[in-house]
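Just remember that the numbering used here sits 7 ahead of the position in the sequence shown, which is counted from 1. Heads up, the beta-carbon is just placed ideally off N, CA and C, and yes, glycines get one too. Below is one structure, written out as C-alpha coordinates; comments come after it.
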Amino acid sequence: MSIIMASHIRTPSLGILIFLILIWTLYSLRETSVKSSLYSTTTSPISDDVKDENDRPLVLYAYADGNDENARTNLEFFLKHGLHNRADFVFILNGETSAKDLIPQAKNIRYVQRSNDCYDMGAYSEVLQKDDLYKNYKRFIMLNASIRGPFMPYYAEGCWSDMYLGRVTDQVKLIGMTVNCSPTLHVQSMILATDITGLEVLLYPSDKTLAAYHADPPKTYYQNGRSLPDQVPGMNGCFHDWLSAVTAEISLTTLLHRAGYTVDVMMSGFHGVGDGSLEAYENICVDVGDILWQNKYYGINIHPFETIFIKSNRNIAPLTLERHSEWVRASGYSSYDHCPAPRTKSRQVG
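Okay, here's the thing in C-alpha coordinates:
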(Lines of atoms letter the chains of each structure in order from A and count residues from 1; the text may use other names and numbers.)
(Lines give C-alpha, C1' and ligand atoms only; values in the text may rest on other atoms or scores of the structure.)
Protein backbone atom coordinates (compact mmCIF):
# COMPACT_ATOMS: atom_id res chain seq x y z
CA MET A 1 0.00 0.00 0.00
CA SER A 2 2.77 2.33 0.90
CA ILE A 3 4.49 1.57 -2.41
CA ILE A 4 1.35 2.40 -4.40
CA MET A 5 0.87 5.60 -2.45
CA ALA A 6 4.50 6.56 -3.01
CA SER A 7 4.04 6.00 -6.71
CA HIS A 8 1.01 8.27 -6.73
CA ILE A 9 2.98 10.91 -4.90
CA ARG A 10 5.98 10.82 -7.28
CA THR A 11 4.00 10.86 -10.52
CA PRO A 12 2.63 14.42 -10.24
CA SER A 13 6.08 15.65 -9.14
CA LEU A 14 7.70 14.13 -12.22
CA GLY A 15 5.05 15.66 -14.48
CA ILE A 16 5.55 19.08 -12.97
CA LEU A 17 9.30 18.73 -13.36
CA ILE A 18 8.95 17.82 -17.04
CA PHE A 19 6.56 20.72 -17.58
CA LEU A 20 8.99 23.18 -15.96
CA ILE A 21 11.89 21.88 -18.04
CA LEU A 22 9.79 22.31 -21.20
CA ILE A 23 8.87 25.90 -20.27
CA TRP A 24 12.50 26.73 -19.44
CA THR A 25 13.69 25.27 -22.76
CA LEU A 26 11.15 27.25 -24.78
CA TYR A 27 12.05 30.44 -22.92
CA SER A 28 15.76 29.86 -23.51
CA LEU A 29 15.19 29.30 -27.21
CA ARG A 30 13.15 32.49 -27.41
CA GLU A 31 15.87 34.48 -25.66
CA THR A 32 18.51 33.05 -27.98
CA SER A 33 16.36 33.92 -30.98
CA VAL A 34 15.90 37.49 -29.80
CA LYS A 35 19.60 37.97 -29.12
CA SER A 36 20.53 36.49 -32.48
CA SER A 37 17.99 38.42 -34.54
CA LEU A 38 20.59 40.95 -35.66
CA TYR A 39 23.60 38.68 -35.79
CA SER A 40 24.16 36.09 -38.46
CA THR A 41 27.26 34.56 -36.98
CA THR A 42 29.37 31.45 -37.15
CA THR A 43 30.96 32.20 -33.80
CA SER A 44 29.92 31.95 -30.19
CA PRO A 45 28.69 35.06 -28.37
CA ILE A 46 31.45 37.53 -27.61
CA SER A 47 33.28 36.60 -24.42
CA ASP A 48 35.37 38.89 -22.27
CA ASP A 49 38.94 38.11 -21.30
CA VAL A 50 39.39 41.08 -19.01
CA LYS A 51 38.33 41.57 -15.44
CA ASP A 52 36.26 44.66 -16.28
CA GLU A 53 34.50 44.12 -19.59
CA ASN A 54 33.57 47.80 -19.77
CA ASP A 55 37.23 48.68 -20.42
CA ARG A 56 37.40 46.37 -23.41
CA PRO A 57 37.00 48.33 -26.68
CA LEU A 58 34.48 47.50 -29.37
CA VAL A 59 35.73 47.68 -32.96
CA LEU A 60 33.12 47.98 -35.73
CA TYR A 61 34.27 47.28 -39.30
CA ALA A 62 31.88 48.28 -42.11
CA TYR A 63 32.18 46.34 -45.36
CA ALA A 64 30.39 46.12 -48.70
CA ASP A 65 31.50 44.53 -51.96
CA GLY A 66 32.66 47.19 -54.40
CA ASN A 67 33.09 47.47 -58.15
CA ASP A 68 36.66 46.20 -57.83
CA GLU A 69 38.67 44.08 -55.41
CA ASN A 70 39.90 46.99 -53.30
CA ALA A 71 37.43 46.57 -50.41
CA ARG A 72 37.85 42.78 -50.34
CA THR A 73 41.65 43.15 -50.34
CA ASN A 74 41.46 45.62 -47.46
CA LEU A 75 39.17 43.32 -45.47
CA GLU A 76 41.49 40.37 -45.99
CA PHE A 77 44.47 42.49 -44.96
CA PHE A 78 42.73 43.60 -41.77
CA LEU A 79 41.64 40.07 -40.89
CA LYS A 80 45.21 38.87 -41.30
CA HIS A 81 47.04 41.72 -39.59
CA GLY A 82 44.55 43.79 -37.55
CA LEU A 83 42.61 41.32 -35.42
CA HIS A 84 43.72 40.70 -31.85
CA ASN A 85 42.47 39.54 -28.44
CA ARG A 86 42.45 42.92 -26.74
CA ALA A 87 39.13 44.06 -28.25
CA ASP A 88 35.78 42.75 -29.45
CA PHE A 89 35.19 42.93 -33.21
CA VAL A 90 31.88 43.17 -35.07
CA PHE A 91 32.03 43.10 -38.87
CA ILE A 92 29.07 44.83 -40.50
CA LEU A 93 28.47 43.20 -43.88
CA ASN A 94 26.28 45.46 -46.01
CA GLY A 95 24.43 43.81 -48.87
CA GLU A 96 24.91 40.43 -50.49
CA THR A 97 28.46 39.20 -50.02
CA SER A 98 30.44 36.04 -49.39
CA ALA A 99 32.79 37.96 -47.08
CA LYS A 100 31.32 36.19 -44.05
CA ASP A 101 33.25 33.10 -45.14
CA LEU A 102 36.50 35.00 -44.54
CA ILE A 103 35.76 35.98 -40.94
CA PRO A 104 37.47 33.65 -38.47
CA GLN A 105 35.66 31.93 -35.66
CA ALA A 106 36.70 33.35 -32.31
CA LYS A 107 34.95 34.25 -29.09
CA ASN A 108 35.58 37.98 -29.59
CA ILE A 109 34.59 38.16 -33.28
CA ARG A 110 31.08 38.36 -34.76
CA TYR A 111 29.45 39.64 -37.91
CA VAL A 112 26.18 41.35 -38.80
CA GLN A 113 24.50 40.80 -42.17
CA ARG A 114 22.28 43.73 -43.17
CA SER A 115 20.93 45.49 -46.25
CA ASN A 116 23.27 47.88 -48.01
CA ASP A 117 21.60 51.09 -46.88
CA CYS A 118 22.30 54.05 -44.58
CA TYR A 119 26.02 54.21 -45.46
CA ASP A 120 28.67 53.41 -42.87
CA MET A 121 27.56 56.01 -40.35
CA GLY A 122 23.99 54.75 -40.27
CA ALA A 123 25.17 51.14 -40.12
CA TYR A 124 27.35 51.88 -37.09
CA SER A 125 24.43 53.63 -35.41
CA GLU A 126 22.05 50.74 -36.04
CA VAL A 127 24.42 48.08 -34.73
CA LEU A 128 25.51 50.07 -31.70
CA GLN A 129 21.92 50.68 -30.60
CA LYS A 130 20.58 47.20 -31.30
CA ASP A 131 19.90 45.63 -27.90
CA ASP A 132 21.89 48.53 -26.38
CA LEU A 133 25.15 46.95 -27.51
CA TYR A 134 27.09 50.17 -26.98
CA LYS A 135 26.21 50.21 -23.27
CA ASN A 136 28.49 47.22 -22.72
CA TYR A 137 31.57 49.24 -23.68
CA LYS A 138 33.38 52.45 -22.85
CA ARG A 139 35.67 52.75 -25.87
CA PHE A 140 34.96 52.40 -29.58
CA ILE A 141 36.65 52.29 -32.97
CA MET A 142 34.67 52.46 -36.21
CA LEU A 143 36.40 51.89 -39.54
CA ASN A 144 35.50 50.89 -43.07
CA ALA A 145 36.96 48.93 -45.96
CA SER A 146 38.11 51.97 -47.92
CA ILE A 147 41.33 51.97 -45.89
CA ARG A 148 44.10 49.41 -45.59
CA GLY A 149 46.04 48.69 -42.44
CA PRO A 150 47.37 48.49 -39.88
CA PHE A 151 50.85 49.48 -41.06
CA MET A 152 53.41 49.61 -38.28
CA PRO A 153 57.14 50.31 -38.59
CA TYR A 154 59.44 47.49 -37.52
CA TYR A 155 60.53 49.30 -34.36
CA ALA A 156 56.94 49.92 -33.17
CA GLU A 157 55.80 47.60 -30.41
CA GLY A 158 52.43 49.07 -29.55
CA CYS A 159 48.94 47.95 -30.48
CA TRP A 160 47.28 49.85 -33.33
CA SER A 161 43.95 50.20 -31.54
CA ASP A 162 45.64 51.53 -28.40
CA MET A 163 47.39 54.15 -30.51
CA TYR A 164 44.03 55.53 -31.61
CA LEU A 165 42.15 55.07 -28.36
CA GLY A 166 45.08 56.38 -26.34
CA ARG A 167 44.53 59.82 -27.87
CA VAL A 168 41.01 60.06 -26.42
CA THR A 169 41.01 62.17 -23.25
CA ASP A 170 38.61 64.04 -20.98
CA GLN A 171 38.53 66.84 -23.57
CA VAL A 172 39.41 65.09 -26.85
CA LYS A 173 36.45 62.93 -27.84
CA LEU A 174 37.09 61.98 -31.47
CA ILE A 175 40.26 60.67 -33.10
CA GLY A 176 40.69 60.11 -36.81
CA MET A 177 43.34 59.67 -39.48
CA THR A 178 42.98 63.02 -41.16
CA VAL A 179 40.97 66.22 -41.33
CA ASN A 180 39.30 67.62 -44.42
CA CYS A 181 38.83 71.36 -44.87
CA SER A 182 36.07 71.13 -47.46
CA PRO A 183 33.50 72.53 -47.03
CA THR A 184 34.56 73.13 -43.42
CA LEU A 185 37.09 71.50 -41.11
CA HIS A 186 36.05 68.04 -39.96
CA VAL A 187 37.56 64.70 -39.02
CA GLN A 188 37.21 62.26 -41.90
CA SER A 189 35.27 59.14 -41.04
CA MET A 190 37.25 56.25 -42.58
CA ILE A 191 38.35 55.46 -39.04
CA LEU A 192 37.04 57.05 -35.86
CA ALA A 193 37.89 56.41 -32.22
CA THR A 194 35.90 57.72 -29.28
CA ASP A 195 34.68 56.85 -25.81
CA ILE A 196 31.22 56.45 -24.35
CA THR A 197 30.93 60.18 -23.63
CA GLY A 198 31.80 61.14 -27.18
CA LEU A 199 29.61 58.44 -28.68
CA GLU A 200 26.56 59.53 -26.72
CA VAL A 201 27.03 63.11 -27.95
CA LEU A 202 27.11 61.81 -31.53
CA LEU A 203 24.10 59.53 -31.03
CA TYR A 204 21.98 61.55 -28.62
CA PRO A 205 23.07 65.21 -28.52
CA SER A 206 21.38 67.18 -25.75
CA ASP A 207 18.97 70.02 -26.47
CA LYS A 208 21.64 72.42 -25.22
CA THR A 209 24.23 71.02 -27.63
CA LEU A 210 21.78 71.10 -30.54
CA ALA A 211 20.87 74.69 -29.75
CA ALA A 212 24.55 75.66 -29.73
CA TYR A 213 25.07 73.76 -32.99
CA HIS A 214 22.22 75.51 -34.78
CA ALA A 215 23.27 78.88 -33.40
CA ASP A 216 26.70 78.43 -34.99
CA PRO A 217 26.44 75.64 -37.59
CA PRO A 218 29.27 74.44 -39.82
CA LYS A 219 29.63 75.80 -43.31
CA THR A 220 27.30 73.78 -45.52
CA TYR A 221 28.33 74.67 -49.04
CA TYR A 222 31.30 73.90 -51.26
CA GLN A 223 33.24 76.35 -53.39
CA ASN A 224 31.47 74.95 -56.44
CA GLY A 225 28.17 76.05 -54.93
CA ARG A 226 26.96 72.57 -53.98
CA SER A 227 25.05 72.71 -50.72
CA LEU A 228 24.63 70.12 -47.97
CA PRO A 229 21.10 69.04 -47.01
CA ASP A 230 19.44 70.29 -43.85
CA GLN A 231 19.31 67.36 -41.43
CA VAL A 232 19.70 66.56 -37.75
CA PRO A 233 23.44 66.56 -36.89
CA GLY A 234 25.18 63.44 -35.63
CA MET A 235 25.28 59.81 -36.67
CA ASN A 236 21.90 58.62 -35.39
CA GLY A 237 20.03 58.09 -38.63
CA CYS A 238 19.81 56.21 -41.89
CA PHE A 239 21.53 58.20 -44.63
CA HIS A 240 20.15 57.08 -47.96
CA ASP A 241 22.44 59.02 -50.29
CA TRP A 242 26.07 60.09 -50.43
CA LEU A 243 25.43 63.77 -49.72
CA SER A 244 23.37 62.97 -46.63
CA ALA A 245 26.12 60.64 -45.36
CA VAL A 246 28.77 63.31 -45.95
CA THR A 247 26.63 65.84 -44.09
CA ALA A 248 26.50 63.48 -41.11
CA GLU A 249 30.28 63.04 -41.23
CA ILE A 250 30.89 66.79 -41.37
CA SER A 251 28.52 67.44 -38.46
CA LEU A 252 30.39 65.24 -35.97
CA THR A 253 33.32 67.58 -35.39
CA THR A 254 31.14 70.67 -34.94
CA LEU A 255 28.68 68.78 -32.73
CA LEU A 256 31.45 67.75 -30.33
CA HIS A 257 32.80 71.29 -30.35
CA ARG A 258 29.40 72.67 -29.40
CA ALA A 259 29.22 70.12 -26.59
CA GLY A 260 32.47 71.52 -25.16
CA TYR A 261 34.93 68.96 -26.52
CA THR A 262 37.54 68.87 -29.25
CA VAL A 263 39.00 66.38 -31.75
CA ASP A 264 42.41 65.15 -32.87
CA VAL A 265 43.94 63.29 -35.82
CA MET A 266 47.06 61.28 -36.57
CA MET A 267 48.31 63.22 -39.62
CA SER A 268 51.54 65.10 -38.89
CA GLY A 269 50.54 68.15 -40.92
CA PHE A 270 47.73 68.90 -38.49
CA HIS A 271 50.19 69.19 -35.59
CA GLY A 272 52.80 71.19 -37.47
CA VAL A 273 50.67 74.30 -37.91
CA GLY A 274 50.70 76.97 -35.21
CA ASP A 275 50.19 75.41 -31.81
CA GLY A 276 48.85 72.17 -33.26
CA SER A 277 45.28 72.97 -32.29
CA LEU A 278 42.10 72.60 -34.27
CA GLU A 279 41.69 76.37 -34.31
CA ALA A 280 45.19 76.94 -35.71
CA TYR A 281 44.66 74.46 -38.51
CA GLU A 282 41.24 75.87 -39.27
CA ASN A 283 42.86 79.20 -40.11
CA ILE A 284 44.66 77.67 -43.11
CA CYS A 285 41.88 75.34 -44.18
CA VAL A 286 40.80 77.47 -47.10
CA ASP A 287 44.12 76.74 -48.82
CA VAL A 288 44.31 73.01 -47.98
CA GLY A 289 41.08 71.18 -48.82
CA ASP A 290 40.92 67.38 -48.85
CA ILE A 291 44.47 66.02 -48.46
CA LEU A 292 43.53 62.46 -49.44
CA TRP A 293 44.28 62.84 -53.12
CA GLN A 294 47.50 62.33 -55.06
CA ASN A 295 50.08 65.00 -54.03
CA LYS A 296 47.44 67.07 -52.21
CA TYR A 297 49.08 66.67 -48.80
CA TYR A 298 51.18 69.82 -48.95
CA GLY A 299 52.70 68.63 -52.22
CA ILE A 300 53.32 65.07 -51.04
CA ASN A 301 51.26 62.03 -50.06
CA ILE A 302 50.40 60.87 -46.59
CA HIS A 303 52.44 57.82 -45.53
CA PRO A 304 50.88 54.71 -43.97
CA PHE A 305 53.27 54.89 -40.99
CA GLU A 306 51.90 58.36 -40.26
CA THR A 307 48.28 57.34 -39.82
CA ILE A 308 48.58 53.51 -39.41
CA PHE A 309 45.90 53.11 -42.08
CA ILE A 310 45.85 54.52 -45.60
CA LYS A 311 43.03 55.41 -47.97
CA SER A 312 43.43 52.89 -50.77
CA ASN A 313 40.61 53.70 -53.20
CA ARG A 314 41.91 57.04 -54.50
CA ASN A 315 45.11 55.94 -56.22
CA ILE A 316 47.26 57.76 -53.65
CA ALA A 317 50.92 56.71 -53.97
CA PRO A 318 49.95 53.30 -55.38
CA LEU A 319 53.51 51.95 -55.40
CA THR A 320 53.99 52.92 -51.73
CA LEU A 321 50.78 51.11 -50.84
CA GLU A 322 51.72 48.06 -52.89
CA ARG A 323 55.23 47.75 -51.45
CA HIS A 324 54.21 48.22 -47.81
CA SER A 325 51.34 45.76 -48.23
CA GLU A 326 53.76 43.19 -49.66
CA TRP A 327 56.23 43.71 -46.82
CA VAL A 328 53.60 43.40 -44.08
CA ARG A 329 52.35 40.16 -45.62
CA ALA A 330 55.86 38.77 -46.06
CA SER A 331 56.88 39.67 -42.51
CA GLY A 332 53.96 37.78 -41.02
CA TYR A 333 53.02 40.77 -38.88
CA SER A 334 50.15 39.97 -36.53
CA SER A 335 48.38 42.24 -34.08
CA TYR A 336 47.90 39.20 -31.86
CA ASP A 337 51.60 39.54 -31.03
CA HIS A 338 51.37 43.27 -30.29
CA CYS A 339 47.96 43.45 -28.60
CA PRO A 340 47.94 40.62 -26.05
CA ALA A 341 44.84 40.26 -23.91
CA PRO A 342 45.28 40.57 -20.13
CA ARG A 343 45.50 37.20 -18.41
CA THR A 344 42.32 37.20 -16.38
CA LYS A 345 39.33 34.97 -16.01
CA SER A 346 37.06 34.84 -19.04
CA ARG A 347 33.59 36.30 -18.65
CA GLN A 348 30.63 35.89 -20.98
CA VAL A 349 29.16 39.19 -22.17
CA GLY A 350 27.00 38.20 -25.11
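Around the beta-carbon of L326, fewer than 16 other beta-carbon atoms lie within 10 Å, marking it exposed. Where L217 is concerned, the enclosing alpha helix (DSSP H) starts and stops at D214 to A222.
Beyond the five residues adjoining it in sequence on each side, A71 comes within less than 6 Å, by CB distance, of N101, G102 and N123 in the same chain, given in chain order. For Q195, there is no enclosing alpha helix (DSSP H), as DSSP marks it with neither H nor E. Straight across, the Cα-Cα distance linking K226 with M242 is about 18 Å. Here A255 has M128, M242 and F246 as same chain residues with Cβ atoms under 6 Å from its own Cβ, once five neighbours each way along the sequence are excluded. Taking 8 Å as the upper bound for CB-CB distance, L181 and Y68 are not in contact here, some 18 Å apart.
The way I'd put it, the stretch 204 to 224 does touch the stretch 262 to 282; three or more beta-carbon pairs between them come closer than 8 Å. Distances from the alpha-carbon of V335 to those of V253, R155, Y118 and D108 put R155 closest. Taking S189 as reference, the option from Y340, S258 and L172 with the minimal CA-CA separation is S258. With a 10 Å radius around the Cβ and a threshold of 16 neighbouring Cβ atoms, D202 comes out buried.
Pairing S105 with K114, the inter-Cα distance amounts to about 21 Å. Judged by DSSP in its simplified three-state form, M170 adopts helix. Straight-line measurement puts the Cα of F316 at about 18 Å from the Cα of A94.
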